[in-house]
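Below is one structure, written out as structure tokens; the observations come after it.
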Amino acid sequence: MINGLLVMLGGGLGAVVRGWLSDYIKKKWSSSFPIATLIVNVCGSFLIGLVFSMTLHYQWFGMFIVTEFLGGLTTFSTMSYELVQMLTSKISLLRFISYTLLQFIVGFIACYIGYTIN
């Protein structure tokens, strides 16, 4: 019961923060490129690596922050939806490939940097 509540609390808080950050980024940088999702996912990936490496001795805390909060903050589903939109609209294939590579490669590098700086 407690685990379920922690999952709900952490995931919900992460999703709310993601919404706030996405709205803020969209207001600051208006672009047809989905920059808000990219920034949120890269920052979240960095924080996942950082928090995970810092909390190896406190697994319950790391799992709450990484899996629930940061899992709610980052968003694979929104990224996937944006990629489908790119493929089904008149957006170029190069833009689709660029966004895909940015999400996965930059996200991985950010996570790795976060993990190794501790």
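With UniProt numbering applied, the sequence shown corresponds to residues 1 to 118, in that order. Backbone N, C-alpha and C define an ideal beta-carbon position, used for all residues, glycine too.
Would you identify the three-state DSSP class for residue i, choosing helix, strand or coil?
{"i": "residue 56", "result": "coil"}
{"i": "residue 116", "result": "helix"}
{"i": "residue 20", "result": "helix"}
{"i": "residue 91", "result": "coil"}
{"i": "residue 100", "result": "helix"}
{"i": "residue 31", "result": "coil"}
{"i": "residue 1", "result": "coil"}
{"i": "residue 75", "result": "coil"}
Would you say the beta carbon of residue i comes nearer than 6 Å to a heavy atom of the ligand SAM?
{"i": "residue 19", "result": "For the ligand SAM, the structure offers nothing, since it holds no ligand at all."}
Among the options, which residue has its Cα nearest to the Cα of residue i?
{"i": "residue 118", "options": "97, 35, 48 and 93", "result": "48"}
{"i": "residue 99", "options": "86, 108 and 28", "result": "86"}
{"i": "residue 25", "options": "32, 105, 36 and 31", "result": "36"}
{"i": "residue 16", "options": "71, 84, 29 and 83", "result": "71"}
{"i": "residue 32", "options": "83, 107 and 106", "result": "83"}
{"i": "residue 74", "options": "1, 3, 30 and 12", "result": "12"}
Which residues in the same chain have their Cβ closer than 7 Å to the Cβ of residue i, if we skip the five residues on either side of it in sequence?
{"i": "residue 54", "result": "118"}
{"i": "residue 103", "result": "38, 41 and 79"}
{"i": "residue 95", "result": "86"}
Going by beta carbon distance, what residues of the same chain come within less than 6 Å of residue i, once the five residues before and after it are set aside?
{"i": "residue 114", "result": "46, 49 and 50"}
{"i": "residue 107", "result": "41, 42 and 45"}
Please confirm if the segment 67-86 is in contact with the segment 7-17, defined as three or more CB-CB distances below 8 Å between the two stretches.
Contact holds between the segment 67-86 and the segment 7-17, because three or more Cβ pairs, one in each stretch, are under 8 Å apart.
Does the segment 79-93 come close enough to the segment 21-28 that 3 or more CB-CB pairs lie under 8 Å?
Output reads no: the segment 79-93 does not touch the segment 21-28.
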